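S.K.: Converting from the sequence shown to our numbering requires adding 1031 to each position, the first position being numbered 1.
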Amino acid sequence: MTAAVATPAIVLAAVRYSETSKVVRLATRDLGVQSAIAKGALRPRSRFGAALQLLSEGQAQLLVKEGRELHTLAAFDAQHIRTGLATDLDRYAAANALAEVMLRCAPPAPHPESFDLFRQGLDAIEIAPSVALGVLPIRVLWGLVGSLGFAPALDACARDGAPLQGATVGFSFREGGALCAGCAPGRSATELKTGDLDELRQLAISGHELPDLDARHVAAHRRLVARWVREHLGEGTPLPALDFWLERRWTRQ
């Protein structure tokens, strides 16, 4: 059975399928992440035109085949091409890292919260002042991780719920976040000073003002969120866009 579905969508990837067609991977608001063939997309007078560029947003018309992983993209009405992301390598690297996490980790099922956070994150990265491109993508990535159900415990111990006290606390990727003094020993926990934990809360919990971090702290928090993604969502899948963003040296002041 085939059903016609119209849904907001963002292009995550596109590859040549034949001489005239592409297979696209779409983040959709109503169906989750889906694959679809865009027949005739490579023809000179294709009805898709230039709409299927990476990170373009629009209204997708999908012919969804029950029990199939590859559907048909009947039309894509582009509403936002996001050309601003290509004006700056840091901007482009951050947006692609976010898209890669969405592509690899979001479910092939309806999940409007993650789609909305992804779209809002791309918009924010596209228009942010250059000085914000160090911390803003970290905030956006933590928000997406949290929407997918993998937010770290930061307000109480991840193991026993005890208050986090003292000048330093442990942080364990395996255990799911911050650890109290009683749980941290012997669990390969990274030591975080109170100030570092406060910065992490500002970055990972929505509603907080973004912290003002120097390049060294930006790099440290970028490594932390990237490792968290690999531990909890990556499942051993290569994440080259995340790696490229991680290696960028953010030095703007």
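Glycine included, every Cβ here is placed at the ideal spot set by N, Cα and C. Bear in mind that the values here come from a model prediction, so they are computed numbers and not experimental data.
(1) My output table needs one value for residue 1042: the three-state DSSP class, helix, strand or coil.
(2) At which residues does the beta strand (DSSP E) containing residue 1058 begin and terminate?
(3) Can you grab the Cα-Cα spacing for the pair residue 1037 / residue 1108, in whole Å?
(4) Find out if the Cβ-Cβ distance for the pair residue 1042, residue 1084 is shorter than 8 Å.
(5) Roughly how many angstroms separate the alpha carbons of residue 1238 and residue 1072, rounded to a whole number?
(6) Restricting to Cα atoms, I'd like to know which of 1236, 1086, 1166 is closest to residue 1127.
(7) What span of residues does the beta strand (DSSP E) with residue 1252 cover, start to end?
(8) Give the straight-line distance between the Cα atoms of residue 1048 and residue 1270, rounded to the nearest whole angstrom.
(9) Closest to residue 1227 by C-alpha separation, out of 1140, 1063, 1133, 1198, would be which residue?
(10) Going by beta-carbon coordinates alone, are residue 1157 and residue 1273 separated by less than 8 Å?
(11) For a minimum of 3 consecutive residues, which ranges assigned as the beta strand (DSSP E) are wholly contained in the segment 1067-1100?
(12) For residue 1040 versus residue 1058, is the C-beta spacing smaller than 8 Å?
(13) Which residue marks the beginning of the alpha helix (DSSP H) containing residue 1278, and which one marks its end?
(14) Please confirm whether residue 1234 and residue 1165 have their CB atoms less than 8 Å apart.
(15) In the DSSP output, what is residue 1047 paired with across the bridge?
(16) In the structure shown, what three-state DSSP assignment does residue 1284 receive?
(17) Based on the DSSP secondary-structure assignment, which residues constitute the bridge partners of residue 1201?
(18) If you count every other CB in all the chains shown that lies within 10 Å of the CB of residue 1247, and 16 or more means buried, which is it?
(19) Let me know if residue 1240 comes out buried or exposed under the rule of 16 or more other beta-carbons within 10 Å of its beta-carbon.
M.R.: The short version:
(1) Start at 1 with the first residue of the sequence shown, and residue 1042 comes out as number 11. In the structure shown, residue 1042 sits in a strand (DSSP, three-state: E or B).
(2) Position 27 of the sequence shown, counted from the start, is the residue given in the question as residue 1058. Going by DSSP, residue 1058 is part of the beta strand (DSSP E) stretching over 1053-1059.
(3) Counted from its first residue, the sequence shown places residue 1037 at position 6. Counted from its first residue, the sequence shown places residue 1108 at position 77. The alpha-carbon of residue 1037 is positioned some 10 Å away from that of residue 1108.
(4) As a first step, residue 1042 must be located in the sequence shown, where it is residue number 11. As a first step, residue 1084 must be located in the sequence shown, where it is residue number 53. A contact, by the Cβ cut-off of 8 Å.
(5) Stepping through the sequence shown from its first residue, residue 1238 is reached at position 207. Stepping through the sequence shown from its first residue, residue 1072 is reached at position 41. Taking the straight line joining both Cα atoms gives about 42 Å.
(6) The residue given as residue 1127 occupies position 96 in the sequence shown. The shortest Cα separation from residue 1127 among 1236, 1086, 1166 belongs to 1086.
(7) Here the question's residue 1252 lines up with position 221 in the sequence shown. Taken as a continuous stretch (DSSP letters only), residue 1252 belongs to no beta strand (DSSP E), being part of the alpha helix (DSSP H) at 1246-1260.
(8) Residue numbering aside, residue 1048 sits at position 17 when the sequence shown is read from its first letter. Residue numbering aside, residue 1270 sits at position 239 when the sequence shown is read from its first letter. Take the alpha-carbon of residue 1048 and the one of residue 1270: they are about 23 Å apart.
(9) Stepping through the sequence shown from its first residue, residue 1227 is reached at position 196. Residue 1198 is the option with its Cα nearest to residue 1227.
(10) In the sequence shown, residue 1157 corresponds to position 126, counting from 1. In the sequence shown, residue 1273 corresponds to position 242, counting from 1. No, Cβ-Cβ distance for residue 1157 and residue 1273 is not below 8 Å.
(11) Unbroken beta strand (DSSP E) runs of no fewer than 3 residues, entirely contained in the segment 1067-1100, are found at 1088-1096, following chain order.
(12) Within the sequence shown, the letter at position 9 stands for residue 1040. Within the sequence shown, the letter at position 27 stands for residue 1058. Result yes, Cβ atoms of residue 1040 and residue 1058 sit closer than 8 Å.
(13) Mapped onto the sequence shown, residue 1278 falls at position 247. Unbroken alpha helix (DSSP H) run through residue 1278: 1271-1278.
(14) Against the sequence shown, residue 1234 aligns to sequence position 203. Against the sequence shown, residue 1165 aligns to sequence position 134. Result no, Cβ atoms of residue 1234 and residue 1165 do not sit closer than 8 Å.
(15) On the sequence shown, position 16 is the one that residue 1047 refers to. As a beta-bridge residue in DSSP terms, residue 1047 pairs with 1053.
(16) Start at 1 with the first residue of the sequence shown, and residue 1284 comes out as number 253. Note that residue 1284 scores a pLDDT of 43, beneath 50, so its modelled location is shaky and nothing firm can be said.
(17) Taking the sequence shown and counting its residues from 1, one reaches residue 1201 at position 170. Bridge partners of residue 1201: 1210, 1222.
(18) Counted from its first residue, the sequence shown places residue 1247 at position 216. Residue burial is scored here from C-beta neighbours: residue 1247 has fewer than 16 other C-beta atoms within 10 angstroms and is therefore classed as exposed.
(19) Your numbering for residue 1240 matches position 209 in the sequence shown. Exposed.
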